[in-house]
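One structure below.
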Amino acid sequence: MKFGVPRNLSVKKAVNVLIPISLLGLSNILVILEISTKSEVIAFGYIDAENKIKICANISGIIDSVFIQEGQEVKIGDKLLTIDSRKIQRELFSLYTEYQNLQDELIELNKAANLLAQNYMFESYGGNVSLQQLKIHLDEATEKYSIAETLFVKGMISRCERDDKKRNYLAALAIYDTYQHSIEMQKRKYEKLITQKKREIELIKSKIADTEEAIDKSVVYAPISGLCHLPTALFAGKKTDEGDVLFELYNLSAIYFSCRVREEDVFKIKQGSECKIYLNACPFPKYPLLDGEVKEIGEIVESNEGGRTVEIKISIKNCRGVPITKLYLSGRVKIASIHEDNLIKKLLKGLSKT
């Protein structure tokens, strides 16, 4: 069968489309406005992993020791790095000392408050007396006044004798009330001091807990098993700040190729499009090392280099016998275009209807 190019085919870009010569004379051939001359989309990216976590510094300080290196396999719980915690330990010792002092002060305040009513002495009646003694004196004066009042009603004593007992009772009551009020004021004072001291102790306890936690955080352990990647060089003596990324741990059982495709090329690919990946680490990058297919097409975003791009995730189906031992191996990918094939199929479909 002979092939040729239809005379009434309208295209914006030159393209070789082979159509049987027997169909060239037909007038109802489908008109194509544009056919891409590219059979594939080329993009650049790197190997990444689905199961990947970042390990950050939980405290600021100077790195003391580093126990792993790039690409090293670690198990969950392995010690990865330590940050010098001697300064924090000195702070903790100081907090412990302050905490003990506050506890001792609280004990003394409680003792004073508990013994206040029993042991508080007043200068009265020519000597020192306690509130308890004043209460006994008041009770005696009260009883004597009560008896005198009864005897007065019965006419057994004079008004003068009764009034004398009453004055003694009122004097004892006034003294007792005065000093009892004084003790109440002292008790409130102690209660305030005790409450304040307890707050200070709680604050110190909180600081101690935070400092102990900071010391624990000075040792970094692997939260999962996997391979280790160091985004930046780590060494003893290097300063690190809280929140800095120290390591990345990842699992090579779920790797993919991440790349960005220009906005105008997105319509040429779809999920499931076949891919060939050429890694720069290979001595012969002209041969594909990995086979894959488009797994995920992301959102359109502004590119730092100008224009708009879309992130594409490509699942890896076959490594062609070449093991991937670390992440971020860079390379390029060729993604099979669906655009030209679809248009040619539409063209031939239109021809077949004639």
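Sequential numbering from 931 applies to the sequence shown in my numbering. Ideal Cβ positions, reconstructed from N, Cα and C, are used throughout, including at glycine.
DSSP places Asn-1040 within a helical segment (H, G or I) once states are collapsed to three.
Between the alpha carbons of Ile-1154 and Ile-1145 lies a gap of roughly 21 Å.
Ranking Ile-1185, Gly-1202, Ser-1148, Arg-1190 by CA distance to the CA of Leu-1176 puts Ser-1148 first. A distance below 7 Å between beta-carbons, with the five flanking residues on each side excluded, links Asp-994 to the following residues of its chain, in chain order: Thr-1012, Ile-1013, Asp-1014, Ala-1166.
By the neighbour-count definition (other C-beta atoms within 10 Å, threshold 16), Tyr-1106 is a buried residue. Take the alpha-carbon of Thr-1162 and the one of Gln-1126: they are about 48 Å apart. As the crow flies, the alpha-carbon of Asn-1040 is around 8 Å from that of Tyr-1120. Judged by DSSP in its simplified three-state form, Ile-1006 adopts coil rather than helix or strand. In this structure the stretch 1225 to 1233 lies against the stretch 1195 to 1213, because at least three pairs of beta carbons, one per stretch, are closer than 8 Å. Each of Val-1196, Gly-1001, Arg-1092 was checked against the Cα of Ala-1266, and the nearest Cα belongs to Val-1196. In the three-state reduction of the DSSP assignment, Asn-1181 falls in the coil class, being assigned neither a helical nor a strand state. For Leu-1257, the secondary structure class from DSSP, reduced to helix, strand or coil, is coil. In the DSSP annotation of this structure, Leu-1160 is not part of any beta strand (DSSP E), being labelled neither H nor E. Residue environment for Thr-1080: exposed (fewer than 16 other C-beta atoms within 10 angstroms of its C-beta). Rounded to whole angstroms, the separation of the alpha carbons of Val-1150 and Asp-978 is 24 Å. Note that the C-beta distance between Asn-1210 and Gly-1261 is below 8 Å. When the beta-carbon positions are compared, Gly-1001 and Cys-1249 stay at least 8 Å from each other.
In the DSSP assignment, Lys-1084 falls outside any beta strand (DSSP E) and carries neither an H nor an E. Taking a 10 Å sphere around the C-beta of Thr-1027, we find fewer than 16 other C-beta atoms and assign the residue as exposed. If you check the CB distance, Tyr-1099 and Ala-1071 come in under 8 Å.
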